[in-house]
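Take a look at the structure below.
Spelled out as structure tokens, the structure:
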């Protein structure tokens, strides 16, 4: 399986739990500290979305993942996670680590904005008592910084290059896309942003600077959509603040989480103190004798204040929502033997690909190997044994065999 191509970026002001969330998602060693700018260089790691494995649907006893893993019928599929430098007001003008932050942000495909739902962190990232600060104001301020940065980058490129050449090119949309490729945007993003900005009936050759800025904000929204991780959901004032966040930003854009609770549970599971699968609503203590009284109290507190209240820590749900709902990716399983659902070596369902909804089977062939795409003949739906052509649009949980004129190198 190729390395994950989509990048989930974690953003937010300093000291709201970004590094803790990153550590919980990836179990990678990072510096977690109670002071601003803990993260100076971006932390890069691999997290895993959770999905019911297709081997259960097929009635198979197991699968043999080459990457990721499968636990009790739950397939965990890798995605790249980036935790970037903490953001403060004025970052779009270069304050704090603003320039570094924004340079990292451009690589992401979807952004998780971590907000202190308890209101216990100032806008500058210093700790305070719960209820002291407004997380709604925090969310609005930080997201405005991202939009301002995006506008400044697009405006600069437009004024320095695009506006001078756009009169001479045949396809303005392609030209705009080419010149903004450094922001990791694609043509479909540009087209959608033009439409959302109400500029579909106005040629880009006639845009004024206000049109460019409207387009830039919409381009950020479609190319780097933001969802809010309402962190510290178990602390005082969090519940009422989460309701306010949902009212302002929408139910589907705010996910309550406790990054610290998830990190503790995953660490305890890693040490064989408890049995816990990320995303589960509860855990089971393996051997109470291994736990100190303090550890027992902490675990019971997590159970009472987080798991029973929210049905989980929210962390797995957050990543799943970002990948499956916001990015709208589906899971497809390529195989070489459509009858045994195996690869050349007999591994059962070894690969699980995350692909955009609407991907064709021939596009999948190119994702697997360029030669396989070039020599593509047809494919077989391993579930139905039907032969399918290159224009077949893949569906979630499809199991596919590619048939080509040459063997894969």
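Numbering (the working numbering), first residue to last: 16 to 424.
Quick reminder that beta carbons are idealized off the backbone N, C-alpha and C, glycines included.
Open item on the list: I believe residue 77 touches residue 22 by the beta-carbon criterion, under 8 angstroms. Please report the beta-carbon distance rounded to the nearest angstrom.
Closed with: Position 62 of the chain shown, counted from the first residue, corresponds to residue 77. Position 7 of the chain shown, counted from the first residue, corresponds to residue 22. Not quite, the Cβ-Cβ distance comes to about 31 angstroms (not below 8 angstroms), so this is no contact.
TODO: Taking all protein chains shown into account, decide if residue 253 is buried (16 or more other Cβ within 10 angstroms of its Cβ) or exposed.
DONE: Within the chain shown, the letter at position 238 stands for residue 253. Classification of residue 253: buried, given that the 10 Å Cβ count is 16 or more.
TODO: Assign residue 70 to one of three DSSP states: helix, strand, or coil.
DONE: Against the chain shown, residue 70 aligns to sequence position 55. The answer is helix: DSSP assigns residue 70 an H, G or I state.
TODO: Evaluate residue 258 with the Cβ neighbour count: other Cβ atoms within 10 Å of its Cβ, from every protein chain shown; 16 or more gives buried, anything less gives exposed.
DONE: Translated into positions along the chain shown, residue 258 becomes position 243. Exposed is the call here.
Open item on the list: What does DSSP give as the partner residue(s) for residue 346 in the beta ladder?
Closed with: Within the chain shown, residue 346 is the residue found at index 331, counting from 1. Note: residue 346 sits in a beta bridge opposite 369.
Open item on the list: Going by beta-carbon coordinates alone, are residue 127 and residue 244 separated by less than 8 angstroms?
Closed with: Walking along the chain shown from the start, residue 127 turns up at place 112. Walking along the chain shown from the start, residue 244 turns up at place 229. Contact flag set, yes.
Open item on the list: Measuring straight from C-alpha to C-alpha, what distance separates residue 209 and residue 167?
Closed with: In the chain shown, residue 209 corresponds to position 194, counting from 1. In the chain shown, residue 167 corresponds to position 152, counting from 1. Looking at the two C-alpha atoms, the distance is approximately 17 angstroms.
Task: Cα-Cα separation, residue 187 to residue 211 - done: In the chain shown, counting from the first residue as 1, residue 187 sits at position 172. In the chain shown, counting from the first residue as 1, residue 211 sits at position 196. In a straight line, the C-alpha of residue 187 is about 17 angstroms away from that of residue 211.
Open item on the list: For residue 245, report the span of its beta strand (DSSP E) as first-last.
Closed with: Translated into the one-based positions of the chain shown, residue 245 becomes position 230. Segment 241-246, the beta strand (DSSP E) holding residue 245.
Open item on the list: Runs of 4 residues minimum, wholly inside the stretch 201-232: which ones carry the alpha helix (DSSP H) assignment?
Closed with: 202-211
Task: Host beta strand (DSSP E) of residue 416 (start-end) - done: Taking the chain shown and counting its residues from 1, the one referred to as residue 416 is at position 401. Taken as a continuous stretch (DSSP letters only), the beta strand (DSSP E) holding residue 416 covers 413-419.
Task: Helix, strand or coil at residue 352 according to DSSP, with G and I counted as helix - done: In the chain shown, the residue the question calls residue 352 occupies position 337. Residue state, collapsed to three classes: strand.
Task: Buried versus exposed call for residue 365 [16 or more other C-beta atoms within 10 Å across all chains shown] - done: Sequence index remark: in the chain shown, residue 365 carries index 350 (1-based). That one is buried.
TODO: Compare the C-alpha of residue 99 against each of 233, 129, 75 and 87 and name the closest.
DONE: Looking up residue 99 in the chain shown gives position 84. It is 129 whose Cα lies nearest to the Cα of residue 99.
- [ ] With a 10 Å radius around its C-beta and 16 neighbouring C-beta atoms as the bar for buried, classify residue 278 as buried or exposed.
- [x] Here the question's residue 278 lines up with position 263 in the chain shown. Residue 278 is buried by the Cβ-count criterion.
Open item on the list: Measuring CB atoms only, is the stretch 260-272 touching the stretch 291-306, in the sense that at least three cross pairs come out at less than 8 angstroms?
Closed with: no
Open item on the list: Using 8 angstroms as the threshold, is the C-beta distance between residue 151 and residue 263 below it?
Closed with: If you number the chain shown from 1, residue 151 lands on position 136. If you number the chain shown from 1, residue 263 lands on position 248. It is a contact, given that the beta carbons lie within the stated cut-off.
Task: Where residue 359 sits in the DSSP three-state scheme - done: Position 344 of the chain shown, counting from 1, holds the residue named residue 359. It is coil, neither helix nor strand.
- [ ] Verify whether the separation of the beta carbon atoms of residue 133 and residue 247 is less than 8 angstroms.
- [x] Residue mapping note: residue 133 aligns to position 118 of the chain shown, counting from 1. Residue mapping note: residue 247 aligns to position 232 of the chain shown, counting from 1. Cβ distance < 8 angstroms, so residue 133 and residue 247 count as in contact.
Open item on the list: To the nearest angstrom, how far is the alpha carbon of residue 408 from that of residue 285?
Closed with: Numbered from its first residue, the chain shown carries residue 408 at position 393. Numbered from its first residue, the chain shown carries residue 285 at position 270. The alpha-carbon atoms of residue 408 and residue 285 are separated by roughly 40 angstroms.
TODO: Could you spell out where the beta strand (DSSP E) holding residue 39 opens and where it closes?
DONE: The residue you call residue 39 lines up with position 24 of the chain shown. No beta strand (DSSP E) holds residue 39; the alpha helix (DSSP H) holding it covers 33-41.
Open item on the list: Taking only three categories from DSSP, how would you classify residue 386?
Closed with: As a working mapping, residue 386 is identified with position 371 in the chain shown. In the structure shown, residue 386 sits in a helix (DSSP, three-state: H, G or I).
- [ ] To the nearest angstrom, report how far apart residue 281 and residue 67 are at their CA atoms.
- [x] Counting from 1 along the chain shown, the entry for residue 281 is found at position 266. Counting from 1 along the chain shown, the entry for residue 67 is found at position 52. Distance between the alpha carbons of residue 281 and residue 67 is about 20 angstroms.
Task: Beta-carbon spacing of residue 70, residue 363 below 8 angstroms - done: The residue given as residue 70 occupies position 55 in the chain shown. The residue given as residue 363 occupies position 348 in the chain shown. Yes.
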